[in-house]
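In what follows, a structure is listed as structure tokens, so that the remarks can point back to it.
What follows is the structure, given as structure tokens:
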């Protein structure tokens, strides 16, 4: 097996992670804001429904890629996330890796005879 | 604003179901997960209402988007499951409990053996007070309870208030009984010494010296047991109080939704194809 072999589940996870990281590029956000922004900025193509966002956020926080802090506002405490320095470099790396993987996938799907429009 | 107690059962019940599932996680992780979800549900509900959505619909949609489905919750729990639980997962519960009890017994025996060896090596067990054995048994109990309760709180992350409370109560009681037994022993031994001296001992100095050594060993062992047991009790009680505080905060967040009654509620919504997170 090639060293560059792509696990489809890992690819899906990578996309989700990259979406979260990209959303946090603009600054601190609550979990639900990340979810809404991903949906809005992708024009509804990517949706993080049913709390799928939280395992991603918590894993990224454990890895030190994002950092959470609690904000005490008017209502109950809310958690805000921001990108760390290593998160920014991870985002750049993920973007390159995803672009490579998706290009391979597209080549495979379109076949050798495909002529770009 | 999202207020669980103000008649919006969708989000509250969904969060209560999450609360039931994350009970196996340790403090403060489980509290933080629930507060984070509740905070996001509340904020999203407010946002959706701000966009003109009716309150009930806003709450329903917020819960649907924020509250993790069964699969997402599994992933979240796996992520935060304590190390010991993760590595011991393949071992059947009954076997694991036997191993744990065996290890606890072994460690307690080793610690008591080390204490006896230390006393013996320094000649302090040549003519011990009969009360010393009782104090040593109590010390063994304190060590076993301290280990078992610490293991339960910090390794197993089992925070059942009843079990932890009983363990802490017994730990404090044994720690307090040890100096009382030693005090009674010292008085009884003093009574015995007085009787021995009355019988006109030719040279009372060796008798007095032996008594002093015996009593100092008895009292020191009892005091060490009491201080160590008390200190461990204080630390564990503080941790247990923090856990209780977290649980109360969660109860307040969930308002009227009783956790125990949630088990009878319908299961969490089915998975959707978009749930790729595992």
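Chains as they are written, first to last, in my numbering: chain R, 1 to 117; chain D, 1001 to 1278. Quick reminder that beta carbons are idealized off the backbone N, C-alpha and C, glycines included.
Here the alpha carbon of residue 1052 of chain D sits roughly 15 Å from the alpha carbon of residue 1043 of chain D.
Against chain D, the CB of residue 31 of chain R has a partner CB under 8 Å away; the residue lies at that interface. Its Cα nearest to that of residue 1087 of chain D, the residue D/1155 stands out among D/1197, D/1074, D/1155 and D/1033.
Within the model, the alpha-carbon separation for residue 1226 of chain D versus residue 1171 of chain D is close to 10 Å.
Residues of chain D with a Cβ closer than 8 Å to the Cβ of residue 35 of chain R are, in chain order, 1065 and 1066. Under the Cβ distance rule, residue 1075 of chain D counts among the residues neighbouring chain R, one pair being separated by less than 8 Å. With fewer than 16 other Cβ atoms from the protein chains shown falling within 10 Å of its own Cβ, residue 1231 of chain D counts as exposed. When C-beta atoms of the region 1211-1222 of chain D are compared with those of the region 1161-1170 of chain D, fewer than three pairs fall below 8 Å, so the two segments do not count as touching. The C-alpha of residue 1034 of chain D lies about 46 Å from the C-alpha of residue 1115 of chain D.
Contact with chain D is found for residue 52 of chain R, since one of that chain's Cβ atoms lies less than 8 Å from the residue's Cβ.
If you ignore the 5 residues before and after residue 1222 of chain D, its C-beta comes within less than 6 Å of the C-beta of 1135, 1178, 1179 and 1182, all in its own chain and listed in chain order.
When the alpha-carbon of residue 1235 of chain D is set against those of D/1248, D/1079, D/1149 and D/1198, the nearest one is in D/1149.
Sixteen is the threshold: since fewer than 16 other Cβ atoms of the shown chains lie within 10 Å of the Cβ of residue 72 of chain R, the residue is exposed. The beta carbon of residue 1040 of chain D sits closer than 8 Å to some beta carbon of chain R.
Taking residue 1188 of chain D as the centre and dropping the five residues before and after it, the same chain places the C-beta of 1131 closer than 8 Å to its C-beta, in chain order.
Residue 1248 of chain D does not reach chain R, its nearest Cβ partner there being about 14 Å away, counting only Cβ pairs nearer than 9 Å.
From the beta-carbon of residue 1069 of chain D, the residues of chain R found nearer than 7 Å are 50 and 51. Not flagged as an interface residue toward chain R: residue 1100 of chain D, since no C-beta distance is shorter than 8 Å.
Its Cα nearest to that of residue 53 of chain R, the residue R/33 stands out among R/33, R/45 and R/67.
Chain-ordered, the chain R residues with CB closer than 8 Å to the CB of residue 1079 of chain D read 55, 58, 59 and 62. Non-local C-beta neighbours of residue 1027 of chain D in its own chain, meaning closer than 7 Å and more than five positions away in sequence, comprise 1159, 1242, 1243 and 1246, ordered along the chain. Within the region 75-86 of chain R, the residues whose Cβ lies closer than 9 Å to any Cβ of chain D are, in chain order, 75, 76, 77, 78 and 79. In the DSSP assignment, residue 67 of chain R falls outside any alpha helix (DSSP H) and lies within the beta strand (DSSP E) extending over 66-71.
Under the three-state reduction of DSSP, residue 48 of chain R is assigned to coil, being neither helix nor strand.
Per the C-alpha coordinates, the member of D/1024, D/1147, D/1021 and D/1118 positioned closest to residue 1101 of chain D is D/1147. A distance below 6 Å between beta-carbons, with the five flanking residues on each side excluded, links residue 77 of chain R to the following residues of its chain, in chain order: 70. At a cut-off of 8 Å between C-beta atoms, residue 1174 of chain D does not count as an interface residue with respect to chain R.
Using a CB distance cut-off of 8 Å, residue 1242 of chain D does not count as an interface residue toward chain R. Boundaries of the alpha helix (DSSP H) harbouring residue 107 of chain R: 85-110, taken from the DSSP string. With respect to the 8 Å criterion, residue 1048 of chain D and residue 1071 of chain D are not classified as neighbours on the basis of their beta carbons.
Per DSSP, the continuous alpha helix (DSSP H) segment holding residue 1130 of chain D begins and ends at 1130-1150. For residue 1037 of chain D, the three-state secondary structure derived from DSSP is helix.
Residue 25 of chain R carries a coil assignment under DSSP once its states are collapsed to helix, strand and coil. Per DSSP, reduced to three states, the secondary structure at residue 80 of chain R is strand.
Rounded to whole angstroms, the Cβ separation of residue 1064 of chain D and residue 50 of chain R is 7 Å, and the two are in contact under 8 Å.
By the neighbour-count criterion, in which a residue is buried when 16 or more other Cβ atoms sit within 10 angstroms of its Cβ, residue 1068 of chain D is buried.
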